[in-house]
Amino acid sequence: MHPMLNIAVRAARTAGNVITRAFEQADKVEIESKGTNDFVTNVDIAAEQAIVETIRKSYPEHTIIGEETGQHEGSDNDFQWIIDPIDGTTNFVKGIPHFAVSIALKVKGKLDQAVIYDPIRGELFTASRGKGAQLNGFRIRVKQNKELTGAILATGFPFKKKQHMPAYMNMFQALFEKTSDMRRAGSAALDLAYVAAGRVDGFFEIGLKPWDTAAGELLVIEAGGLVTDFTGGHNHTKSGNIVASSPGLLKEILKDIRPHLGDALSK
Numbered sequence: 476m477h478p479m480l481n482i483a484v485r486a487a488r489t490a491g492n493v494i495t496r497a498f499e500q501a502d503k504v505e506i507e508s509k510g511t512n513d514f515v516t517n518v519d520i521a522a523e524q525a526i527v528e529t530i531r532k533s534y535p536e537h538t539i540i541g542e543e544t545g546q547h548e549g550s551d552n553d554f555q556w557i558i559d560p561i562d563g564t565t566n567f568v569k570g571i572p573h574f575a576v577s578i579a580l581k582v583k584g585k586l587d588q589a590v591i592y593d594p595i596r597g598e599l600f601t602a603s604r605g606k607g608a609q610l611n612g613f614r615i616r617v618k619q620n621k622e623l624t625g626a627i628l629a630t631g632f633p634f635k636k637k638q639h640m641p642a643y644m645n646m647f648q649a650l651f652e653k654t655s656d657m658r659r660a661g662s663a664a665l666d667l668a669y670v671a672a673g674r675v676d677g678f679f680e681i682g683l684k685p686w687d688t689a690a691g692e693l694l695v696i697e698a699g700g701l702v703t704d705f706t707g708g709h710n711h712t713k714s715g716n717i718v719a720s721s722p723g724l725l726k727e728i729l730k731d732i733r734p735h736l737g738d739a740l741s742k
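If you read the sequence shown in our numbering, its first letter stands for residue 476, the second for the next number, and so on.
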């Protein structure tokens with residue numbers, strides 16, 4: 476295992492221990508609202524601090540960008556860690572056991588290492604640039620479907636950007652009519668990990684943040700898939716609008732998404 480991936484795994488497992496202990500004592504979880512339909516708990520913050528401390532011990536010069544505590548500048552900005560301590564906080568708050576720790580490392584702007592850890596199921600998804608993707612040490616691959624018939628797609632509702640709901644529902648309907656079924660589980664990181672593992676055939680969502688998608692993007696790519704924005708380009712990191720699937724199926728998903736984009740979602 477790459478030494479930096481090893482540290483990421485250690486950080487994810489440490490955070491996972493913080494999260495699982497708190498999940499068993501739900502009455503002690505303190506919840507605050509960051510904005511409309513956007514929550515943070517004391518557990519998110521404690522888990523993020525555990526990740527930052529673990530990375531800092533080995534790489535004090537690296538920059539760390541966290542969802543909850545912002546950017547921790549390092550002296551070497553070529554190395555940027557992008558972390559989400561609990562992707563799926565609403566599930567966590569409600570007692571739904573589907574959420575994950577997401578940690579990615581960019582080196583000179585390129586995704587290099589990734590970990591998504593589901594502490595409830597004990598599933599550790601990992602990827603290193605050019606080395607493939609693994610689940611608990613075993614190689615994973617995207618399903619190489621080329622058509623929507625029989626496919627299952629994962630998605631997320633644009634609950635933070637409800638102005639896009641009409642466009643989203645049009646996309647959903649166009650895809651739903653052709654696929655076997657759709658899934659909306661509440662963690663974009665795990666949705667992407669499941670695409671990489673071949674559990675779902677594809678994923679699309681509006682308005683995500685880099686810490687939601689960075690680790691999952693590398694997992695999908697290293698598992699033989701593609702990740703794009705809604706136009707098939709590479710602006711998804713900025714726009715937050717993301718599609719992930721096998722190369723063949725991605726073309727079909729984009730075909731059904733494009734007619735419903737409008738100006739706001741075509742970027």
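Each residue gets a CB set at the ideal place from its N, CA and C atoms; glycine is no exception.
Around the C-beta of residue i, are 16 or more other C-beta atoms found within 10 angstroms, so that it is buried, or is it exposed?
i	result
K581	buried
Q648	exposed
S508	exposed
F600	buried
E505	exposed
T624	exposed
V666	According to the sequence shown, residue 666 is Asp rather than Val. That one is buried.
H537	buried
D719	Residue 719 is actually Ala in this sequence, not Asp. A719 comes out buried.
T703	buried
S662	buried
K532	exposed
P594	buried
Q638	exposed
D551	exposed
H711	buried
E727	buried
P560	buried
Which residues mark the beginning and the end of the alpha helix (DSSP H) in which residue i is found?
i	result
S761	Nothing about residue 761 can be reported from this structure: the residues present for the chain run from 476 to 742 only.
L693	685-697
Indicate the three-state DSSP secondary structure (helix, strand or coil) for residue i in the structure shown.
i	result
P560	strand
D743	No answer is possible for residue 743: it lies beyond the span of the chain, which begins at 476 and ends at 742.
E622	coil
A490	helix
A668	helix
L736	coil
K635	coil
Considering residue i, what are the terminal residues of the beta strand (DSSP E) in which it resides?
i	result
T630	627-631
Q588	585-593
D676	No beta strand (DSSP E) holds D676; DSSP gives it neither H nor E.
T654	Segment: none, T654 is in no beta strand (DSSP E) and carries neither H nor E.
T601	598-603
L701	701-703
I717	717-720
A575	575-582
F613	613-615
Q609	608-610
How many Å lie between residue i and residue j at the Cα?
i	j	result
N566	Q555	28 Å
T529	A487	9 Å
G541	E548	11 Å
V515	E692	24 Å
A501	A525	20 Å
V695	A671	4 Å
L701	Q588	17 Å
V568	G631	18 Å
T564	T688	15 Å
T495	K684	24 Å
L724	Q546	36 Å
F613	S714	33 Å
V493	I557	19 Å
F574	G737	32 Å
I615	F634	31 Å
A416	A660	Given that the chain is displayed from residue 476 to residue 742, the structure contains no residue 416 and the question cannot be resolved.
N686	K585	A quick correction: the sequence has Trp, not Asn, at residue 686. Rounded to whole angstroms, W686 to K585 spans 14 Å at the Cα level.
L480	S603	7 Å
R674	I627	9 Å
From the beta carbon of residue i, is the nearest beta carbon of chain B less than 7 Å away?
i	result
F634	Included in the structure is just one protein chain, with no chain B present.
Runs of beta strand (DSSP E) lying entirely within the stretch 516-551, each at least 3 residues, in chain order: 537-541, 545-547
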